[in-house]
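Protein chains: 2
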Amino acid sequence: MSLPHAILTALLEKPSSGLELTRRFDRSIGYFWSATHQQIYRELGRLEAEGHIRALPAEQPARGQRKSYEVLPAGRAELARWTAAPQDPRPHRDPLLLRLRASAVVGTAGLREDLLRHLDLHRRQLAEYEEIRRRDFPPGRDAPEDRLRHLVLRAGIDLETFWTQWLDRALAEFDEMGEAQVTDGAGRADGAGDTSARAPEDSAS
Amino acid sequence: MSLPHAILTALLEKPSSGLELTRRFDRSIGYFWSATHQQIYRELGRLEAEGHIRALPAEQPARGQRKSYEVLPAGRAELARWTAAPQDPRPHRDPLLLRLRASAVVGTAGLREDLLRHLDLHRRQLAEYEEIRRRDFPPGRDAPEDRLRHLVLRAGIDLETFWTQWLDRALAEFDEMGEAQVTDGAGRADGAGDTSARAPEDSAS
DNA sequence: TAGACCATGTAACATGTTACATGATTTG
DNA sequence: CAAATCATGTAACATGTTACATGGTCTA
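Sequences listed follow chains A and B, in order.
Quick note on numbering that gives the first Met the number 0: the first sequence kicks off at 0 and runs consecutively.
Quick note on numbering that gives the first Met the number 0: the second sequence kicks off at 0 and runs consecutively.
Here is the structure:
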């Protein structure tokens, strides 16, 4: 239920064509709500059908011609409604944590390299956010809109900081485990294995 | 591509029926890969069809009868393969950050209460994780599997810590903005509004 | 024996992903 | 004018969500 509202926000900030939106989703908005161009075109169609946006009049016809959209009053009202309505936090879904947990059962083979790769990616993302911060939020601006957007950016910075720190620690643990490491993996995929590998968390009642 | 692997991990830790899995997904595994019972039953069916798991023989017939599953060698091998294979981090999707950004354009009405509510929810989750940590990871255990699972738990703890801190700060900002607050919202949904509300991040290139 | 809950499922739909198609514009 | 790239889309599929259905077991 969020993609249309992400698009409405982006269009209110600046009327755009589908491709422009796609590019902006690769930069700013997409940092916390990503979308592919297929999703965006599909959603633009729906939003137009619902009367929330309209194509800017510029006598452009069919395929291959760019088409810009702007938000209509009904769209703005819908966005305001959605923003004000309470919403529960959505549950996390993180494959990397899942793989780590799986590795406690089937072995850590291959994982370390990918942790390193992720660490690098998160460091780059962090650097990118900090560059944006330097550029767009110099000390002393405090229009409410700037404060709100700065707050969002700080969430991104703090999240990436968390990941880099956590991955550092994870890698340190991997190194400490050293030889004692569970490198089993497919080695005994013959299934004669123990099923005693219960995870502690499940011990709860 | 992760749900089947989450289920394989859970079943390796302990063979279970669909409902038992559902409950465990509400507790431990589900903290970083949630799933409803419908998803779980659908996926159990597929995993069985693929020969990755099998129902434990216990002459239980049709509907309404519990059916336990265990992982077969092929399933364990598939899990090991998946765990070792590199995977890119998936992009974030966070409606709350989106709403905050939208509020820079359509007003902050209603948001503060929901931030408070989220703060409360994250504090509770944090307390729950710390309770699990006290119970299951007393100092001095260092079997590799425990270390790996502890690492995962710490990611949960650190993430919830991040959210509580960030929400604290966000609420402080809201209070500072005070009267100057953008409480507009539907107030001028007549659409005569400014479209000059460009977000700084978009100024790139 | 009626109602609550346990346990497994079906169906319909919404959202997200991947692969491909098509016309327009630019550039060598 | 051929090839690359821009811009908009279609189709098929995978995943996730919501609402409901069905039979079994327990308890007042």
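We treat Cβ as the ideally placed atom computed from N, Cα and C, and that holds for glycine.
**Request:** Please determine if the stretch 77-88 of chain B and the stretch 81-88 of chain A are in contact, where contact requires at least 3 C-beta pairs separated by less than 8 Å.
**Result:** no
**Asked** Where are the alpha helix (DSSP H) runs, 4 residues long or more, that stay fully inside the stretch 88-131 of chain B, in chain order?
**Response** 94-105
**Message:** Rounded to whole angstroms, what is the Cα-Cα separation between A/Pro3 and B/Ile156?
**Reply:** 32 Å
**One or two residues paired with B/Ser16 in a DSSP bridge** = B/Ser67
**Asked** Starting from B/Ala266 and walking both ways along the beta strand (DSSP E), at which residues does that stretch end?
**Response** Residue 266 of chain B is absent from the structure shown; chain B starts at 0 and stops at 204.
**Item:** Opening and closing residue of the alpha helix (DSSP H) in which B/Phe161 lies
**Value:** Pro143 to Met176
**Request:** Label B/Arg23 either buried or exposed according to how many other C-beta atoms from any shown protein chain fall within 10 Å of its C-beta, with 16 as the threshold for buried.
**Result:** buried
**Item:** Which listed residue (B/Pro72, B/Phe161 and B/Gly109) has its alpha carbon closest to that of B/Glu49
**Value:** B/Pro72
**Request:** Would you mind working out which of A/Tyr30, A/Glu144 and A/Leu166 sits nearest B/Leu147, comparing C-alpha positions?
**Result:** A/Leu166
**Message:** Which residues in chain B have a C-beta closer than 7 Å to the C-beta of A/Leu96? List them in chain order.
**Reply:** Phe31, Val151 and Ala154
**Request:** Could you check if B/Pro94 is buried or exposed, using at least 16 other CB atoms within 10 Å of its CB as the buried criterion?
**Result:** buried
**Prompt:** Say the cut is 6 Å; is the CB of A/Asp145 nearer than that to a heavy atom of the ligand SAH?
**Reply:** What this structure holds is no ligand at all, so the ligand SAH is not there to describe.
**Prompt:** Cβ atoms of A/His149 and A/Phe161: under 7 Å apart, would you say?
**Reply:** no
**Item:** Beta-carbon neighbours of A/Ser16, restricted to chain B and to distances below 7 Å
**Value:** None at all; the shortest Cβ gap to chain B is about 14 Å.
**Asked** Does any residue of chain A bring its CB to less than 7 Å from the CB of B/Gln37?
**Response** no
**Message:** Is there a Cβ of chain B sitting closer than 7 Å to that of A/Ala206, yes or no?
**Reply:** The displayed coordinates of chain A run from 0 to 204. Any statement about residue 206 of chain A would go beyond what the structure contains.
**Message:** Output needed for B/Glu159: all residues of its chain with C-beta closer than 7 Å, excluding positions within five of it in sequence on either side, in chain order.
**Reply:** His121, Gln124, Leu125 and Tyr128
**Asked** So which of A/Gly106, A/Glu19 and A/Arg98 has the shortest CA-CA distance to B/Ala1?
**Response** For the sequence presented, residue 1 of chain B should be read as Ser rather than Ala. Per the Cα distances, A/Arg98.
**Message:** Between A/Thr21 and chain B, is any beta-carbon pair separated by less than 7 Å?
**Reply:** no
**Asked** Are A/Tyr40 and A/Ile52 close, meaning C-beta to C-beta below 7 Å?
**Response** no
**Asked** List, in order along the chain, the chain B residues whose C-beta lies closer than 8 Å to that of A/Glu47?
**Response** What A/Glu47 touches in chain B: nothing, since even the nearest Cβ is about 16 Å away.
**Request:** Output the distance between the C-alpha atoms of B/Ala34 and B/Thr21, rounded to the nearest integer angstrom.
**Result:** 7 Å
**Item:** Rounded separation between B/Gly109 and B/Arg116 - CA only
**Value:** 12 Å
**Message:** Would you say A/Leu10 lies against chain B (beta-carbon separation less than 7 Å)?
**Reply:** no
**Asked** Taking just the CA atoms, how far does A/His36 sit from B/Ser16?
**Response** 41 Å
**Prompt:** Between A/Arg132 and B/Arg26, what straight-line distance do the alpha-carbon atoms span, to the nearest angstrom?
**Reply:** 38 Å
**Message:** Less than 7 Å between the beta carbons of B/Pro138 and A/Met176, yes or no?
**Reply:** no
**Prompt:** Within 7 Å (strictly less), CB to CB, does A/Arg133 reach chain B?
**Reply:** no
**Asked** Taking 7 Å as the CB-CB limit, is B/Ala108 close to chain A?
**Response** yes
**Prompt:** Taking all protein chains shown into account, do 16 or more other C-beta atoms lie within 10 angstroms of the C-beta of B/Gly29, making it buried, or fewer, making it exposed?
**Reply:** buried
**Asked** Would you report the Cα separation of A/His91 and A/Leu7, rounded to the nearest angstrom?
**Response** 25 Å
**Message:** Using a Cβ-Cβ distance cut-off of 7 Å, determine whether B/Leu78 contacts chain A.
**Reply:** yes
**Message:** Does the CB of A/Ala171 have a neighbour CB from chain B at under 7 Å?
**Reply:** no
**Request:** Go ahead and label B/Leu46 buried or exposed: buried means 16 or more other beta carbons lie within 10 angstroms of its beta carbon, across all protein chains shown.
**Result:** buried
**Request:** Use the C-beta contact count for B/Glu77: other C-beta atoms within 10 angstroms, 16 or more gives buried, fewer gives exposed.
**Result:** buried
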